[in-house]
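**Student:** Dumping the structure here so I can ask a few things about it.
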Amino acid sequence: MIRVTVTYPAKANARFDHGYYQDTHRALLRERLKAHGLAYVEIDRCLSDGAGGSPPVVAAAHMVFDSLESFQAGMAVHGKDIMADVARYTDITPVVLISEVVR
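Here's what the structure looks like:
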């Protein structure tokens, strides 16, 4: 099992539409990637850093897939559409991290 984490670094004067991200983009991810092993997707709206200051990221998504190969297959088919949708809610370049889920 793998987790794909996508973060959006906080930047001065950056645009980020949390409503669109939570409702529309998350629905797009589910629709396009469920058949490719997406177990679930969670969205974080970042509130603060550990000391109570401004968060280093504005938002994050966590997607769990059954395998790296499933994720890669889904992105091969739908990646262009998914990435094109990013411009609809932000001008921040997302940072992607793929990790193995260890239980």
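Take any residue in the sequence shown, count from 1 to its spot, add 7: that is its number in the numbering used here.
Yeah, the Cβ is synthetic: ideal placement off N, Cα and C, and Gly gets one too.
1) Near H32, which residues of its chain fall below 7 Å by C-beta distance, leaving aside the five closest residues on each side in sequence?
2) If you measure between the beta carbons of G81 and L45, is that distance less than 9 Å?
3) Could you tell me which residues DSSP puts in a beta bridge with F51?
4) Which class does V103 belong to by DSSP, given the choice of helix, strand or coil?
5) Mapping DSSP to helix, strand and coil, what is Y1?
6) Excluding five sequence neighbours on each side, which residues of the same chain lie with their C-beta closer than 7 Å to the C-beta of V64?
7) For Y47, count the other beta carbons within 10 Å of its own beta carbon; 16 or more makes it buried, fewer makes it exposed. Which is it?
8) Where do the ends of the beta strand (DSSP E) carrying R10 lie?
**Tutor:** In terms of the structure at hand:
1) Working through the sequence shown from its first residue, we reach residue 32 at position 25. The answer, listed in chain order, is D92, Y96.
2) Here residue 81 corresponds to residue number 74 of the sequence shown, with the count starting at 1. Here residue 45 corresponds to residue number 38 of the sequence shown, with the count starting at 1. Taking 9 Å as the Cβ cut-off, G81 and L45 qualify as a contacting pair.
3) Sequence index remark: in the sequence shown, residue 51 carries index 44 (1-based). The residue you asked about is not Phe; residue 51 is Asp in the sequence shown. Paired residue(s): A67.
4) As a first step, residue 103 must be located in the sequence shown, where it is residue number 96. In this structure, V103 counts as strand in the three-state DSSP scheme.
5) Not covered by the structure: residue 1. The range shown for the chain is 8 to 110.
6) As a working note, residue 64 is residue 57 in the sequence shown. In its chain, beyond the 5 residues on either side, T14, Y15, P16, A17, C53 have a beta carbon closer than 7 Å to the beta carbon of V64.
7) By one-based count along the sequence shown, residue 47 stands at place 40. If you draw a 10 Å sphere on the C-beta of Y47, you find fewer than 16 other C-beta atoms in it, and that means exposed.
8) The residue you call residue 10 lines up with position 3 of the sequence shown. For R10, the enclosing beta strand (DSSP E) covers residues 9-16.
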